[in-house]
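Read in order, the letters of the sequence shown are residues 202 to 331 in the working numbering.
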Amino acid sequence: MPADRDFHPPTLGEALEAQDAAAVAFAVRNGTVTVPLLPSEGDPQVRVFRRGEADRYMLLLFSSPLTYATMVPDEPDQESAEYDSTQLRDFLAQNIGVLESVWFDVAGPHAMQADPRDVLDALNLEILES
Numbered sequence: 202m203p204a205d206r207d208f209h210p211p212t213l214g215e216a217l218e219a220q221d222a223a224a225v226a227f228a229v230r231n232g233t234v235t236v237p238l239l240p241s242e243g244d245p246q247v248r249v250f251r252r253g254e255a256d257r258y259m260l261l262l263f264s265s266p267l268t269y270a271t272m273v274p275d276e277p278d279q280e281s282a283e284y285d286s287t288q289l290r291d292f293l294a295q296n297i298g299v300l301e302s303v304w305f306d307v308a309g310p311h312a313m314q315a316d317p318r319d320v321l322d323a324l325n326l327e328i329l330e331s
């Protein structure tokens with residue numbers, strides 16, 4: 202059977218629009234996500250968020266720098282970076298104990314939430330498939 206030459210992995214934005222958790226996992230494993238960064242002079246640091254006085258943090262990931270900017274339109278510094286699956290997996294593995302949730306495009310019309318361990322498991326599938 203010939204390969205479908207028009208096939209392309211769904212982007213994170215497309216997967217979120219479809220509200221398809223499997224497609225989100227596939228997009229995150231095979232593409233990039235926009236990760237907010239803290240404004241700093243030194244090494245870039247991922248910006249995490251928390252609700253009030255909560256003990257744990259939320260990791261907010263975005264389908265593009267524009268969707269991040271939509272969430273923080275009044276902030277003068279909307280610094281972000283594109284993380285591939287390896288970078289995201291490393292960050293999650295190092296910080297899994299302090300994260301309560303992962304949100305995708307939290308300010309957009311197609312936001313989705315996931316447990317950090319589920320996201321890490323989805324990213325680890327890539328390693329098992331290799």
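The beta carbon of each residue, even a glycine, is placed where N, CA and C say it ideally should be. All values derive from a computational prediction rather than experimental measurement.
Among D306, Q279 and L300, which one has its Cα closest to the Cα of P245?
Ranking the options by Cα distance to P245, first place goes to Q279.
Quick one: grab the DSSP three-state call for V299.
Note: V299 maps to helix in three-state DSSP.
Please classify T287: is it buried, with 16 or more other beta-carbons within 10 angstroms of its beta-carbon, or exposed?
Flag for T287 reads exposed.
Look at the alpha carbon of T212 and the alpha carbon of G243, and state the distance between them as a whole number of angstroms.
Their Cα atoms are separated by approximately 31 Å.
Going by beta carbon distance, what residues of the same chain come within less than 8 Å of S281, once the five residues before and after it are set aside?
Correct list, in chain order: T235, V236, P237, L238, F263, P266 and Y269.
State the Cα-Cα distance for the pair Q314 and P240, rounded to the nearest angstrom.
Spanning the two alpha carbons is a distance of roughly 25 Å.
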